[in-house]
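First residue of the sequence shown? That's 7 in the working numbering, and the numbers climb one at a time after it. To start, the structure under review is shown below, and the notes come after it.
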Amino acid sequence: MEYSVRSKSIIDSYPVDNFLPDIGIDKVREELTDGLTSSPKFIPSKYFYDKKGSLLFEEITELDEYYPTRTEKSILADFLPLLNLNFTDLSIIELGSGDPSKISLLFEQISPSKLNQIVYYPVDISQSAIESSISLLTQKYDGRNINGIIADFIHQVELLPKVNNKLICFFGSTIGNLKRNEIQIFMKKLGAVMQKGDNLLLGIDMIKDVKILENAYNDSQGVTASFNKNILNVVNKLLGTNFNPSKFEHLAFYNNQEQRIEMHLKAKENLQIEVSSSNVELQIKQGEMIHTENSHKFNSKDIQQFAYWGGLNMENVFNDENNWFILVHYRK
7 MEYSVRSKSI IDSYPVDNFL PDIGIDKVRE ELTDGLTSSP KFIPSKYFYD KKGSLLFEEI
67 TELDEYYPTR TEKSILADFL PLLNLNFTDL SIIELGSGDP SKISLLFEQI SPSKLNQIVY
127 YPVDISQSAI ESSISLLTQK YDGRNINGII ADFIHQVELL PKVNNKLICF FGSTIGNLKR
187 NEIQIFMKKL GAVMQKGDNL LLGIDMIKDV KILENAYNDS QGVTASFNKN ILNVVNKLLG
247 TNFNPSKFEH LAFYNNQEQR IEMHLKAKEN LQIEVSSSNV ELQIKQGEMI HTENSHKFNS
307 KDIQQFAYWG GLNMENVFND ENNWFILVHY RK
């Protein structure tokens with residue numbers, strides 16, 4: 007994650023705009039320090055995604071236990087042909103675009119003549135994820151009009167391209183990482199940047215059997231544990247701390263009251279953590295937990311509420327045979 011300077015890089019002649027410096031490293035350090043000095047302690051989940059974190063998450067999506075990615079992709083493959091979209095001069099904006107395999111399914115449904123008229127904007131907080139996505143897509147779809155955007159798209163929604171005929175794709179149930187009040191704010195902002203006739207495809211993970219949910223975040227190979235612990239390496243780089251990930255245990259469980267999976271890091275022993283950027287010392291007791299992620303699960307009432315908050319119409323709801331995951335088509 008590049009916060010230090012505002013930059014524009016070119017990858018195989020494709021522009022990538024970095025808006026993270028608009029937030030600034032001081033704001034990032036303040037956010038992390040506030041979380042680590044709170045009670046209970048927390049680290050915002052967006053900090054998972056440095057280069058290593060992005061690669062680990064790609065591994066997670068291939069795991070047998072992790073149903074969301076393969077289920078959502080099967081829905082996309084089955085139902086994209088049924089979408090009534092105007093592909094002429096279409097701008098596709100994908101939020102959290104680290105995995106290009108889903109948008110590729112959409113490209114495959116569009117005729118080559120129409121595909122040449124489309125501009126694709128992958129948006130992600132991870133520069134390495136954007137660069138990897140553009141590289142893979144340009145190899146597969148020669149001549150594609152691509153403009154990458156590095157941004158905290160949850161808090162920088164207003165920076166999305168102001169273009170006509172938008173299709174915004176927000177896959178992976180990433181919206182579930184937000185708290186309920188944050189979802190309301192996000193949907194209002196997203197609805198405000200959409201114009202009449204614009205479309206939104208939103209991937210949503212549904213409430214289901216607790217065992218299925220907990221297995222998805224506690225895989226037998228320990229990849230999710232490595233992913234969770236790696237956030238401490240990211241904090242070390244951004245905040246100048248001396249966290250040792252091996253001193254923590256990965257925990258993931260379903261909170262039935264809040265309807266969400268929670269991920270935590272539990273200290274195996276008493277720890278004293280130095281914060282060189284602010285001359286602060288953190289005291290972490292054995293057994294104390296740092297909350298790193300929420301992944302809310304939803305029901306049919308929730309998806310109607312999203313439409314209301316965003317000022318959108320719900321056009322279609324597509325689901326898999328188990329109703330584990332749904333893809334909702336909203337229109338402004």
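Heads up, the beta-carbon is just placed ideally off N, CA and C, and yes, glycines get one too.
Any idea which residues DSSP pairs LEU244 with across the strands? Here the question's residue 244 lines up with position 238 in the sequence shown. LEU244 is not bridged to any residue.
For GLN201, I'd like the list of residues in its chain whose CB is within less than 8 Å of its CB, leaving aside the five on either flank, ordered along the chain. Within the sequence shown, the letter at position 195 stands for residue 201. Closer than 8 Å at Cβ, skipping near neighbours: ASN170, LYS172, LYS338.
Can you name, in chain order, every residue of its own chain whose Cβ lies under 6 Å from the Cβ of GLU100, other than the five neighbours on each side? Translated into positions along the sequence shown, residue 100 becomes position 94. Counting only Cβ-Cβ distances below 6 Å, and skipping sequence neighbours, we find ILE109, PRO128, CYS175.
Alpha carbon to alpha carbon, what distance is there between ILE189 and PHE312? For the purposes of this step, residue 312 is identified with residue 306 of the sequence shown, where counting begins at 1. For the purposes of this step, residue 189 is identified with residue 183 of the sequence shown, where counting begins at 1. Their Cα atoms are separated by approximately 8 Å.
Determine the direct distance from the alpha carbon of TYR53 to that of ALA198, and round the result to whole angstroms. Residue 198 sits at position 192 when you count from the first residue of the sequence shown. Residue 53 sits at position 47 when you count from the first residue of the sequence shown. Between ALA198 and TYR53, the C-alpha separation is close to 26 Å.
When the Cα atoms are used, what is the spatial distance from SER10 to VAL34? Position 4 of the sequence shown, counted from the start, is the residue given in the question as residue 10. Position 28 of the sequence shown, counted from the start, is the residue given in the question as residue 34. Confidence at SER10 is low in this model, with a pLDDT of 39, below 50, so its placement is unreliable and the value that follows should be read with caution. Spanning the two alpha carbons is a distance of roughly 11 Å.
Inter-stretch contact (C-beta, 8 Å, three-pair minimum) for the segment 268-278 and the segment 303-310: no
Is it the case that the Cβ atoms of TRP315 and LYS214 are separated by a distance below 7 Å? Counted from its first residue, the sequence shown places residue 315 at position 309. Counted from its first residue, the sequence shown places residue 214 at position 208. Contact flag unset, no.
Between THR180 and the rest of its own chain, which residues show a CB-CB distance below 6 Å, the 5 nearest in sequence each way excluded? By one-based count along the sequence shown, residue 180 stands at place 174. Answer for THR180: GLY102, listed in chain order.
Three-pair Cβ contact test at 8 Å for the segment 73-92 versus the segment 133-148: no
Buried or exposed, going by whether 16 or more other CB atoms sit within 10 Å of the CB of PRO74? Numbered from 1 along the sequence shown, position 68 holds the residue referred to as residue 74. That one is buried.
Alpha-carbon to alpha-carbon, HIS335 and ASN328: Reading the sequence shown from its first residue, position 322 is the one you call residue 328. Reading the sequence shown from its first residue, position 329 is the one you call residue 335. Taking the straight line from one Cα to the other gives about 19 Å.
Identify which residue in GLY246, LEU257, ILE309, SER141 has its Cα closest to the Cα of GLU280. Indexing the sequence shown from 1 puts residue 280 at position 274. The shortest Cα separation from GLU280 among GLY246, LEU257, ILE309, SER141 belongs to GLY246.
Just grab the DSSP bridge partners of LEU173 for me. Here residue 173 is taken as the residue at index 167 of the sequence shown, counted from 1. Answer by DSSP bridge pairing, in chain order: ILE98, ASN205.
Let me know if PRO118 comes out buried or exposed under the rule of 16 or more other beta-carbons within 10 Å of its beta-carbon. Walking along the sequence shown from the start, residue 118 turns up at place 112. So PRO118 counts as exposed.
Residues in the same chain with beta-carbon distance under 8 Å from THR94, minus the five sequence neighbours each way, listed in chain order, please. To locate residue 94, count along the sequence shown from 1; it is residue 88. Correct list, in chain order: LYS120, GLN123, ASN171.
May I have a chain-ordered list of the alpha helix (DSSP H) segments no shorter than 4 residues that lie completely inside the segment 28-76? 31-42, 57-67
For ILE210, does the three-state DSSP call read helix, strand or coil? Sequence index remark: in the sequence shown, residue 210 carries index 204 (1-based). Here ILE210 sits in strand by DSSP.
Please report the Cβ distance between VAL240 and LYS195, rounded to the nearest whole angstrom; I am assuming they are in contact, meaning their Cβ atoms lie under 8 Å. The count along the sequence shown starts at 1 and reaches residue 240 at position 234. The count along the sequence shown starts at 1 and reaches residue 195 at position 189. Rounded, the Cβ-Cβ distance is 26 Å, inconsistent with contact.
Among ASN234, ILE152, PHE159, the one whose alpha carbon lies nearest that of LEU257: As a working mapping, residue 257 is identified with position 251 in the sequence shown. Looking at the Cα atoms, ASN234 is the closest of the given residues.
Contact set for GLU299: own chain, Cβ-Cβ below 6 Å, skip 5 residues either direction: The count along the sequence shown starts at 1 and reaches residue 299 at position 293. If we look at GLU299 and ignore the five residues flanking it on each side, its Cβ neighbours are SER51, MET269.
With H, G and I counted as helix, E and B as strand and the rest as coil, what does DSSP make of LEU318? By one-based count along the sequence shown, residue 318 stands at place 312. Reduced to three states, the DSSP call for LEU318 is coil.
Can you list, in chain order, the residues of its chain with a C-beta nearer than 7 Å to that of PHE249? Leave out the 5 residues immediately preceding and following it. Here residue 249 refers to the residue found at position 243 of the sequence shown. The residues are LEU238, VAL241, ASN242, ILE279.
Quick one: what's got a C-beta closer than 8 Å to THR43's C-beta in the same chain, skipping five residues either side? Your numbering for residue 43 matches position 37 in the sequence shown. Counting only Cβ-Cβ distances below 8 Å, and skipping sequence neighbours, we find VAL286, LEU288.
Residue from VAL229, THR230, ILE290, GLU220 whose Cα sits closest to the Cα of GLN265: Residue numbering aside, residue 265 sits at position 259 when the sequence shown is read from its first letter. It is GLU220.
What number of angstroms, rounded off, separates the C-alpha of LEU112 from the C-alpha of LEU143? Locating residue 112 in the sequence shown gives position 106, where the first residue counts as 1. Locating residue 143 in the sequence shown gives position 137, where the first residue counts as 1. When rounded, the distance between both Cα atoms is 12 Å.
Quick check on ASN319: buried or exposed, where buried means 16 or more other Cβ atoms within 10 Å of its Cβ? Here residue 319 corresponds to residue number 313 of the sequence shown, with the count starting at 1. Classification of ASN319: exposed, given that the 10 Å Cβ count is below 16.
What span of residues does the beta strand (DSSP E) with GLN278 cover, start to end? Reading the sequence shown from its first residue, position 272 is the one you call residue 278. 277-281 is the span of the beta strand (DSSP E), which, as asked, contains GLN278.
Assigned exposure category for LYS79 - 16 Cβ within 10 Å defines buried: Here the question's residue 79 lines up with position 73 in the sequence shown. LYS79 should be labelled buried.
Can LEU333 and GLY209 be called in contact, C-beta distance under 7 Å? Translated into the one-based positions of the sequence shown, residue 333 becomes position 327. Translated into the one-based positions of the sequence shown, residue 209 becomes position 203. Yes, Cβ-Cβ distance for LEU333 and GLY209 is below 7 Å.
Residues sharing a beta bridge with PRO128, DSSP: To locate residue 128, count along the sequence shown from 1; it is residue 122. DSSP lists GLU100 as partners of PRO128.
Would a C-beta distance cut-off of 7 Å place LEU69 and ASP204 closer than the cut-off? Taking the sequence shown and counting its residues from 1, the one referred to as residue 69 is at position 63. Taking the sequence shown and counting its residues from 1, the one referred to as residue 204 is at position 198. No. Outside cutoff.
Kindly indicate the opening and closing residues of the alpha helix (DSSP H) around ILE140. Here residue 140 is taken as the residue at index 134 of the sequence shown, counted from 1. First-last of the alpha helix (DSSP H) with ILE140: 133-146.
Return helix, strand or coil for ILE191, following the three-state DSSP convention. Walking along the sequence shown from the start, residue 191 turns up at place 185. Residue state, collapsed to three classes: helix.
8 Å Cβ shell around MET295 - same chain, five flanking residues per side excluded: For the purposes of this step, residue 295 is taken as residue 289 along the sequence shown, with counting starting at 1. The answer, listed in chain order, is PRO46, LYS47, LEU257, HIS270, LEU271, LYS272, ALA273.
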